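K.L.:
Sharing a structure below in structure tokens format, with a few things to ask.
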Amino acid sequence: MSLSVTAPPRLWTRNFSLYFTARTMSVVGDTMIPVAMAVAMLALGHGVSGVGYALGAWMGAFALFVVFGGVFADRFHPRPQMIGADAVRCLLQLSLAGYLWWGHPPLWFIVAGALLGGIATAMFQPGLSGLVPQVAADPQQANGVLRVSQGVATMAGPALAGVLVAVTSPATVFAVDAATFAISGVCLVALRLPRFEADRSQSTLHNLRTGWDEFRSRSWLWAVILIWWVLGVFVWGPVTPLGAAAIIEAHGKAAFGYAESAFGAGCVLGGLIAIRVRPARPLLAGGIAMLLFPAMPLAASLVPDLPLLMLGYGISGLGWAFWGVQWATAVQTQIPADRLNRVTAYEIAGSILAVPFGQVIAGPASAVFGIHRLLMGGAVIGFGCAVALLVVRPVRRLALVKAA
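The structure is reproduced here in structure tokens:
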């Protein structure tokens, strides 16, 4: 595997700056939700199962509807769809904040709001990848910078949520969260993009089929998604509700936000490295970096002193971010531009469809096996998934393609 280090060209145009701000604020909003939701559910007496049900409803709705979000983004244009999604998410968070301020919201209300929020995010997410080639000339550089911003946002969002929860209430967190989606929508409105000529001659069903054909014809793509199914059920799904319960019990409410922030700090470092280092086989290099990812469930299982806990989360974030840049760049440069949103939607749906199952079963499974044992098992399985990325031939041999 050969590596090259290059000086990045100019990136910060008006459009990219607006897109960068919109995406960063959206990530800040998304990363505040798990902390606020976990604390709110536990405070309302719904327990770990309640956290799992709410997060599972959000993720499940997202996974089921994201393929339609990709079709609509290719058929029309991702920007107005993303603006509408931001408006819906803003209103949902405000309504939940109001209910928490003025009453005791029942579980069904929170789960229903999470369900609608997941649908709105499904309309928002596919356009993120499709807009990158429209606002940046160098996708590798742009993805690296965006991964850094995502790391900063992942660090800032949970920390902000943790502090607000500690000094105010979960309702305040949801209100601030609503503001992040409002800012994201305003920035997207201000973008100046070239005219979009969409082919609307085919039906939605035909477009879904076309996206599926593009997806299944690439063995490296669906092989990674199969690996991600295992990761989603046994690691990504349970790690938030179980990790939150373990960390909050050991170190208090704010500690979970600090741990998530450390993960974001690791993502910053991983993104900075990925901006400069361009491996000839991106998914092979990303797979090596993913060997660091199991440090998060391992740290959540052992629950060491707070500095060591945060170190484990930070190491995990570094590996996750470097992999994420290599993966996003591979998808954006290997897939034809006119089908990118649809294929991205299938990729996103496949990547996270298993996560709701892991979130929903986390509570019942923890009652049988124990929280710490499940997290330790997740660390072992996460390591196995990283090894699988290195073993599968189409994944490890995929070559770097320069953007047109």
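First residue of the sequence shown: 24, per this note's numbering; consecutive thereafter. The beta-carbon is built from N, C-alpha and C at its ideal position, and this holds for glycine as well. Bear in mind that the values here come from a model prediction, so they are computed numbers and not experimental data.
For residue 310, which of 298, 421, 320, 42 has the nearest alpha-carbon?
P.N.:
Comparing Cα-Cα distances from residue 310 to each of 298, 421, 320, 42, the minimum goes to 421.
K.L.:
I believe residue 379 touches residue 86 by the beta-carbon criterion, under 8 Å. Please report the beta-carbon distance rounded to the nearest angstrom.
P.N.:
At roughly 7 Å, the Cβ-Cβ gap stays under 8 Å, so residue 379 and residue 86 are in contact.
K.L.:
Assess contact between the region 385-400 and the region 281-301, defined as three or more Cβ pairs (one per stretch) separated by less than 8 Å. Is contact present?
P.N.:
No, the region 385-400 does not touch the region 281-301.
K.L.:
Does the region 278-296 come into contact with the region 167-176, if we say contact requires no fewer than three beta-carbon pairs (one atom in each stretch) closer than 8 Å?
P.N.:
Flag = yes, the region 278-296 and the region 167-176 touch.
K.L.:
Does DSSP put residue 412 in a helix, a strand or coil?
P.N.:
Correct three-state label for residue 412: helix.
K.L.:
If we count the other Cβ atoms within 10 Å of its Cβ and call it buried at 16 or more, is residue 403 buried or exposed?
P.N.:
Classification of residue 403: exposed, given that the 10 Å Cβ count is below 16.
K.L.:
Keeping to the same chain, check which residues put their C-beta closer than 6 Å to that of residue 165; ignore five residues upstream and five downstream.
P.N.:
Here the set comprises 155, 159.
K.L.:
With distances taken between CB atoms, is the gap from residue 211 to residue 105 smaller than 7 Å?
P.N.:
Cβ distance < 7 Å, so residue 211 and residue 105 count as in contact.
K.L.:
To test your reading of the DSSP string, which unbroken alpha helix (DSSP H) runs of 4 or more residues are found completely within the region 236-277?
P.N.:
Taking only runs of at least 4 residues, the alpha helix (DSSP H) segments lying wholly in the region 236-277 are 242-254, 260-274.
K.L.:
Count the other CB atoms within 10 Å of the CB of residue 428; is the residue buried (16 or more) or exposed (fewer)?
P.N.:
Lying outside 24 to 427, the shown extent of the chain, residue 428 is not represented and no answer is given.
K.L.:
Label residue 69 either buried or exposed according to how many other C-beta atoms from any shown protein chain fall within 10 Å of its C-beta, with 16 as the threshold for buried.
P.N.:
Result: buried.
K.L.:
May I ask you to list the residues that DSSP assigns as paired with residue 354?
P.N.:
For residue 354, which the question treats as bridged, DSSP gives no partner whatsoever.
K.L.:
Hey, would you say residue 250 sits closer than 7 Å to residue 411, going by beta carbons?
P.N.:
A contact, by the Cβ cut-off of 7 Å.
K.L.:
Just the C-alpha distance for residue 195 and residue 39, rounded to the nearest angstrom, thanks.
P.N.:
Cα to Cα, the separation comes out at about 31 Å.
K.L.:
What is the residue span of the beta strand (DSSP E) that residue 301 lies within?
P.N.:
Element bounds for residue 301: 300-302.
K.L.:
Out of curiosity, what's the CA-to-CA distance linking residue 115 and residue 136?
P.N.:
Using only the alpha carbons, I get a separation of about 6 Å.
K.L.:
In terms of residues, what are the limits of the alpha helix (DSSP H) holding residue 118?
P.N.:
Run containing residue 118: 101-125, per the alpha helix (DSSP H) assignment.
K.L.:
Any chance the region 185-200 sits against the region 388-395, with 3 or more Cβ pairs inside 8 Å?
P.N.:
Touching, no.
K.L.:
By DSSP, does residue 36 sit in helix, in strand, or in coil?
P.N.:
Residue state, collapsed to three classes: coil.
K.L.:
Given 8 Å as the limit, is there contact between the region 364-378 and the region 254-274, that is, 3 or more CB pairs closer than that?
P.N.:
Contact holds: three or more Cβ-Cβ distances are below 8 Å.
K.L.:
For residue 127, which residues in the same chain have their Cβ closer than 8 Å to its Cβ, ignoring the five residues on either side in sequence?
P.N.:
Within the same chain, residue 127 has close Cβ partners 67.
K.L.:
Return yes when the Cβ of residue 363 is within less than 7 Å of the Cβ of residue 153, no when it is not.
P.N.:
Their beta carbons are under 7 Å apart, which means residue 153 touches residue 363 by this criterion.
K.L.:
By DSSP, does residue 213 sit in helix, in strand, or in coil?
P.N.:
Coil.
K.L.:
Take the Cβ of residue 427 as the centre, count every other Cβ of all protein chains shown within 10 Å, and call the residue buried at 16 or more, exposed below.
P.N.:
Note that residue 427 has pLDDT 48, beneath the 50 cutoff, so the model's placement of it is unreliable and the number below is only indicative. The residue in question, residue 427, is exposed, as its Cβ has fewer than 16 Cβ neighbours within 10 Å.
K.L.:
Please tell me whether residue 280 and residue 182 are closer than 7 Å, where the distance is taken between their beta carbons.
P.N.:
The answer is yes: Cβ separation under 7 Å.
K.L.:
Give the DSSP-derived three-state secondary structure of residue 69 in the structure shown.
P.N.:
Residue state, collapsed to three classes: coil.
K.L.:
Could you please give the first and the last residue of the uninterrupted alpha helix (DSSP H) stretch that includes residue 392?
P.N.:
378-392 is the extent of the alpha helix (DSSP H) around residue 392.
K.L.:
Note down, in chain order, each residue of its chain lying with its Cβ closer than 6 Å to the Cβ of residue 204, except the 5 sequence neighbours on either side.
P.N.:
Excluding residues within five positions, the ones whose Cβ falls inside 6 Å are 52, 109, 112, 113.
K.L.:
Between the C-alpha atoms of residue 253 and residue 60, what's the straight-line distance to the nearest angstrom?
P.N.:
Cα-Cα distance, rounded: 25 Å.
K.L.:
Since residue 265 contacts residue 65 with CB under 8 Å, what's their CB separation in whole angstroms?
P.N.:
With 8 Å as the limit, residue 265 and residue 65 do not qualify as a contact, their Cβ atoms being about 13 Å apart.
K.L.:
Using the beta-carbon count (16 or more within 10 Å), is residue 244 buried or exposed?
P.N.:
Looking at its Cβ environment, which holds 16 or more other Cβ atoms inside 10 Å, residue 244 is buried.
K.L.:
Could you compute how far the alpha carbon of residue 124 sits from the alpha carbon of residue 199?
P.N.:
Going from the Cα of residue 124 to the Cα of residue 199 covers about 13 Å.
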